[in-house]
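With positions in the sequence shown counted from 1, the corresponding number in the numbering used here is that position plus 994.
Quick notes on the structure that follows.
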Amino acid sequence: LLAFFLGIVTAIDVLRGVLMDIGCVAARMPIRAHMQYAPLTGRQDDLVGQAQHRMQNAEVRHVPIVAADGKLLGLLSDRDLRQAGASTLPPLSRYEAPLRLMTMLVKDIMRTDVTTVRGETTLADAGQLLLEHKIGCLPVLHHDRTLIGIVTVTDLLRAYVACQNPGMATPEAEPEHIQRDAPKETP
């Protein structure tokens, strides 16, 4: 029996296909109808280890970093955390690497060149930005750069599924038959 591995289909690959089906009414809808309001946020002086723990508990991959007044300063992603753990410093022992992450501040590894949108941005335009910049989320801002929400690739896919199957509820969580990389922690 021969098996051939052709590749992996990612959420971005599916989004690319969704954008080709631009006739969908949802494509012209503003993202405010499908974004996540009041997402988990962090501060630039938070410890990276604490931010990572909060992200894992909330099962999110992106955390907008905001000032005390709610203005967006940057974005921390799971990719930033992985890159910080795989430092370019001389090889660290398996005990030193986690300690290094526990003492670093979010401002040391967050991205400040963040692509953002407004609530009026259409789903199609938001999807195009995600593809062009090869990113997984877009913080949604008021005109004064105050964070009001976040829209992810998953949010856009949910909107598309809802458009294609009117009246059918789109799941907020993963189906039970999909295995996760790691089991959930129980409190």
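Note that the Cβ used here is the ideal one computed from N, Cα and C, for glycine as well.
Two segments are said to touch when three or more pairs of C-beta atoms, one from each, lie closer than 8 Å; by this definition the stretch 1036-1044 does not touch the stretch 1109-1118. By the neighbour-count definition (other C-beta atoms within 10 Å, threshold 16), Thr1146 is a buried residue.
Sorting Arg1022, Tyr1031, Arg1037, His1028 by C-alpha distance to the C-alpha of Thr1106 places Arg1037 at the top. Under DSSP, Tyr1154 takes part in no beta bridge, so it has no partner.
Spanning the alpha carbons of Val1155 and His1028 requires a straight line of approximately 12 Å. Taking His1127 as the centre and dropping the five residues before and after it, the same chain places the C-beta of Thr1109 closer than 7 Å to its C-beta, in chain order. DSSP places His1127 in the uninterrupted alpha helix (DSSP H) bounded by 1117-1127. One thing to note: Gln1030 has its Cβ within 8 Å of the Cβ of Asp1149. Shown here, Arg1112 sits in coil according to DSSP, grouped into three states, outside any helix or strand.
When DSSP states are grouped into helix, strand and coil, Gly1130 belongs to the coil group. DSSP, read as helix, strand or coil, puts Thr1106 in coil. Secondary structure at Gly1064: coil, using DSSP grouped into helix, strand and coil. Going by DSSP, Gly1036 is part of no alpha helix (DSSP H) at all; its letter is neither H nor E. For Glu1053 and Ala1118, the gap between their C-alpha atoms comes out near 26 Å.
As the crow flies, the alpha-carbon of Ala1153 is around 37 Å from that of Met1098. Rounded to the nearest angstrom, the gap between the Cα atoms of Val1060 and Ile1142 is 11 Å. Between Pro1058 and Glu1114, the C-beta gap is not smaller than 8 Å, which leaves the two residues out of contact.
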